[in-house]
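> Each number in our numbering comes from the position in the sequence shown (counting from 1) with 7 added on.
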Amino acid sequence: MARPAKSRCSPASQSSVISHYLAENGPTPERRARSEFVGAAPPRVLRTVQALLQAGDITQSAADAAERWYQDYMFGYCNYVEFSDQHRPATLTRHDAVSWQLIRARAMVRVTAVREALGLCAHQRLRMLLVDELSFRAMGEALFPTISAGSSQRKIAAQCALLLEQLADRQETAHQAAKAARAGKFRPDTPQSSPDQG
């Protein structure tokens, strides 16, 4: 079997090819018209959560909780993870297919626990806000079609701000419970006192 020919491109021409592909993989004109983008490479959608944070309607912990929920949702349902720029890959372990699916199942457990704790309506709003990246106006039109656009927009913005604060509180409570469970698991057993003889 013949080997494929090696590329004879210089490093400079390879970098120009890579930058060309990065430019091609950007958002389409239709996608750019639908959302506001921030950053240069790669451009990211300016989510409504950032607008709430910049307006002071939610805290940074609520915005962080929204990002964690989004990462769990995308990993659980779509089977991929977006690593941050500061991510360092683990050098001691490598995941096989089984361990990768176990970690994915844990992400789905966290999403399901939030849905069960906050309700299906909260889950639907989180999906619309974070996964579908809808604006408050679009969410208001979908959820409250009988009232005016301005009223529905204000109503859904208030609901989402409250929901994200509840999500942050729920994640903090779950983190504290897991921490307490780990501490109890590794705590040495106290010796049992023997019953009185007598």
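We put the CB at the ideal spot given by N, CA and C, even for glycine.
Give a yes or no on contact between the region 70–80 and the region 135–145, applying the rule of three or more CB pairs nearer than 8 Å.
The region 70–80 is in contact with the region 135–145.
> Considering Cα atoms alone, identify which of Leu174, Ala168, Ser158 and Arg113 is closest to Gln61.
The option with the nearest alpha carbon to Gln61 is Ala168.
> Considering only residues of the same chain and omitting the five flanking positions on each side of Ala164, which have a CB-CB separation below 6 Å?
Counting only Cβ-Cβ distances below 6 Å, and skipping sequence neighbours, we find Phe143.
> Can you tell me which of the three DSSP states Pro36 falls into?
Looking at Pro36 - three-state DSSP - the assignment turns out to be helix.
> Can you grab the Cα-Cα spacing for the pair Asn86 / Arg111, in whole Å?
Answer to the nearest angstrom: the Cα atoms are 7 Å apart.
> At the level of alpha carbons, what is the spacing between Val118 and Ala184?
Taking the straight line from one Cα to the other gives about 17 Å.
> Closer than 8 Å by C-beta to Thr55: which residues in its own chain qualify, once you throw out the five before and the five after it? Chain order, please.
Counting only Cβ-Cβ distances below 8 Å, and skipping sequence neighbours, we find Leu136, Glu140, Leu141, Ser142, Phe143 and Cys167.
> Excluding sequence positions up to five away, which residues of its chain have a Cβ less than 6 Å from the Cβ of Ala114?
These residues qualify, in order along the chain: Asp79, Phe82 and Gly83.
> Give the straight-line distance between the Cα atoms of Ala72 and Ile154, rounded to the nearest whole angstrom.
Distance between the alpha carbons of Ala72 and Ile154 is about 30 Å.
> Can you give me the Cβ contacts of Gln173 inside the same chain, cut-off strictly under 8 Å, excluding the 5 residues immediately before and after it?
If we look at Gln173 and ignore the five residues flanking it on each side, its Cβ neighbours are Leu125 and Ala129.
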